[in-house]
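Novice: So the sequence shown is numbered by the numbering used here: it starts at 5 and just counts up by one.
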Amino acid sequence: MPLPLSTKEGHAHWRDLFYDVVQTGLCTGCSGCVVVCPHQVLDYRNLTPVQTLDTADTCVHGEKGCDTCARACPRIGYGAPEVDRLLFGREKQPEELCGIHQEIVFARSREPRVRARTQDGGIASTLAIWALEAGEIDGVLTSSNGAEWHPLDSGAYVATSAEEVLAGGMSRYTYVPTPLPLKQAVKDGYSRLALMAVPCQTEFVRKLMTTKVKKYYSRVALVVGLLCSETFEFEPFITQTMVERRAIDVHNVHKINIKGKVIVYPKDGGDPVAIPLKEVRPMARSHCHHCPDFTAEHADISLGGLGQDGWTLTLIRTEVGRTFWEGLKASGLIEVRPAEEEPEVLDLMRRLAIKSRKRVVEAGDRWYSRPQPLPSELTP
Ligand SMILES: Cc1cc2nc3c(=O)[nH]c(=O)nc-3n(C[C@H](O)[C@H](O)[C@H](O)COP(=O)(O)OP(=O)(O)OC[C@H]3O[C@@H](n4cnc5c(N)ncnc54)[C@H](O)[C@@H]3O)c2cc1C
5 MPLPLSTKEG
15 HAHWRDLFYD
25 VVQTGLCTGC
35 SGCVVVCPHQ
45 VLDYRNLTPV
55 QTLDTADTCV
65 HGEKGCDTCA
75 RACPRIGYGA
85 PEVDRLLFGR
95 EKQPEELCGI
105 HQEIVFARSR
115 EPRVRARTQD
125 GGIASTLAIW
135 ALEAGEIDGV
145 LTSSNGAEWH
155 PLDSGAYVAT
165 SAEEVLAGGM
175 SRYTYVPTPL
185 PLKQAVKDGY
195 SRLALMAVPC
205 QTEFVRKLMT
215 TKVKKYYSRV
225 ALVVGLLCSE
235 TFEFEPFITQ
245 TMVERRAIDV
255 HNVHKINIKG
265 KVIVYPKDGG
275 DPVAIPLKEV
285 RPMARSHCHH
295 CPDFTAEHAD
305 ISLGGLGQDG
315 WTLTLIRTEV
325 GRTFWEGLKA
335 SGLIEVRPAE
345 EEPEVLDLMR
355 RLAIKSRKRV
365 VEAGDRWYSR
375 PQPLPSELTP
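1) When you compare each of 171, 324, 335 and 319 to residue 101 by their alpha carbons, which one comes out closest?
2) I'd like the list of long-range same chain contacts for residue 299, defined as Cβ closer than 7 Å, with 5 residues on each side in sequence excluded.
3) Grouping DSSP H, G and I as helix and E and B as strand, with all else coil, what is residue 256?
4) Per DSSP, what kind of secondary structure is residue 319 in: helix, strand or coil?
5) I want to know whether the region 211-230 touches the region 283-290 - three or more CB-CB distances under 8 Å.
6) Thinking C-beta only, is residue 297 closer than 8 Å to residue 321?
7) So, for residue 333: in the same chain, excluding its five sequence neighbours on each side, which residues have a beta-carbon less than 8 Å away from its beta-carbon?
8) So, are the CB atoms of residue 245 and residue 284 less than 8 Å apart?
9) Apart from the five residues on each side of it in sequence, which residues of its chain come closer than 6 Å, Cβ to Cβ, to residue 196?
10) In the structure shown, what three-state DSSP assignment does residue 244 receive?
11) Bridge partners of residue 147, per DSSP?
12) Along the chain, where does the alpha helix (DSSP H) that runs through residue 341 open and close?
13) How is the beta strand (DSSP E) around residue 97 delimited, first residue to last?
14) Give every residue of the same chain whose Cβ lies closer than 6 Å to the Cβ of residue 374, excluding the five residues on either side of it in the sequence, and list them in chain order.
15) Should residue 59 go down as buried or exposed, given a rule of 16 or more other Cβ atoms within 10 Å for buried?
16) I think residue 276 touches residue 267, with their Cβ atoms under 8 Å apart; what is that distance to the nearest whole Å?
17) Using DSSP with H/G/I as helix, E/B as strand and the rest coil, what is residue 110?
18) Sorry if obvious, but does the Cβ on residue 122 come closer than 7 Å to a heavy atom of ligand 1?
19) For the region 152-235, which segments carrying the beta strand (DSSP E) assignment without a break, of at least 3 residues, lie completely within its bounds, in sequence order?
20) Does the distance from the CB of residue 122 to the CB of residue 174 come in under 8 Å?
21) Report the three-state DSSP secondary structure of residue 382 (helix, strand or coil).
22) Considering only their Cβ atoms, is the gap separating residue 46 from residue 37 smaller than 8 Å?
23) Between residue 184 and residue 23, is the Cβ-Cβ spacing less than 8 Å?
24) Is the region 121-136 in contact with the region 150-169, if contact means three or more CB pairs nearer than 8 Å?
25) Would you list the one or two residues that DSSP bridges to residue 261?
Structure (structure tokens):
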């Protein structure tokens, strides 16, 4: 059963988030509850929401009836079928393991200088840059490396120019709360933002749509989802695995990629360092073990690498996604080829989607907040 939005004690609020989501390790750190809290009760520290004004586990406003944080939390009462109906006009079928989509293609930026600063084909960045320059959006909720204390630590921000978007190119496999700047962005008057998001962060926006917290979801014009199996704890993923065990110079890291193993590419053109996935898997964040959504099923457009060298696997899902995609294609900035050219990639995506779905079933998360139809091969 999903965790309900209403409990026996009444509406769900911070108390329920604290005990059922944060304390249980289910909290993804998406920052959604902090963004929407209307009373400045919640703050975000060490990738976790914390109550700052009162005790750790209660909220005086919640006791009086405020449930805004629970309305934003994708781990309480996330109605996946309802979101499907809202976005696609129907619920997905059990065999649609990668979610509902209109089209799947491989795509890449035509510009080698963009590809050099991006993860796969540079589609996330090129889409954002085109949309900004065409006036389709007024900002991009994104992330980049370069915190002063450590070059591989990351932060979230609003990008408003091509250079700021490209500063955030490439993937960070540690968690970055890209929705967090939405709070200030709304105060600053942004009205058509694009959100770069791993699947749990796409769910934050969709949850707001079903619980009708319009103040925030109405400002997000485009949700770009990144395929994701897991994110890792900075300590030990970066500090132990790379720095202590392999003496990798963090100032010399050009890119980190995961394709069957973790590969760290140096800036100086030296040999990449490969790290076995089995070494880092135990360093995955706890909530990732409970996530069934590999392909960001509720994004407008989902993007992944999946063994492709220099191309982004692109799933166009919603009508909003279609409109942005057609605009980007018409700009001439990208080249596109059919995904059917490489059926093994589509098969791999399907198998990874099953793997994510299975870990929820195997963990016994029958109460998990995102009930989903399972094909017969997965039914326990
Ligand atoms: C944590 C993580 C895990 C992933 N796992 C897989 C996987 O298992 N299989 C697969 O096929 N693809 C995976 N991807 C997606 C893949 O790495 C690329 O992001 C995707 O192919 C788009 O490439 P691109 O060149 O078009 O993006 P780019 O143009 O390089 O843009 C990437 C965008 O992603 C944003 N971003 C980077 N890191 C994060 C983060 N941690 N959280 C939120 N936004 C971020 C950047 O700010 C930027 O806007 C993962 C991505 C992330 C962030």
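Glycine included, every Cβ here is placed at the ideal spot set by N, Cα and C.
Specialist: Taking the structure as given:
1) 319
2) 102, 103, 231, 306, 319, 353 and 357
3) helix
4) strand
5) no
6) no
7) 340
8) yes
9) 141, 142 and 225
10) helix
11) 160
12) Unbroken run through residue 341 is the beta strand (DSSP E), 338-342; no alpha helix (DSSP H).
13) Note, residue 97: premise wrong, no beta strand (DSSP E); not H, not E.
14) Residue confidence for residue 374 is low, a pLDDT of 48 falling below 50, so the modelled location carries little weight; the figure read from the coordinates is stated next. Closer than 6 Å at the Cβ level, and outside the excluded window around residue 374, lie 82 and 84.
15) exposed
16) 5 Å
17) strand
18) yes
19) 154-163, 197-201 and 224-230
20) yes
21) Confidence is the limiting factor: at residue 382 the pLDDT is only 47, short of 50, which leaves the residue's position unreliable, though a coordinate-based value still follows. It is helical.
22) yes
23) no
24) yes
25) 267
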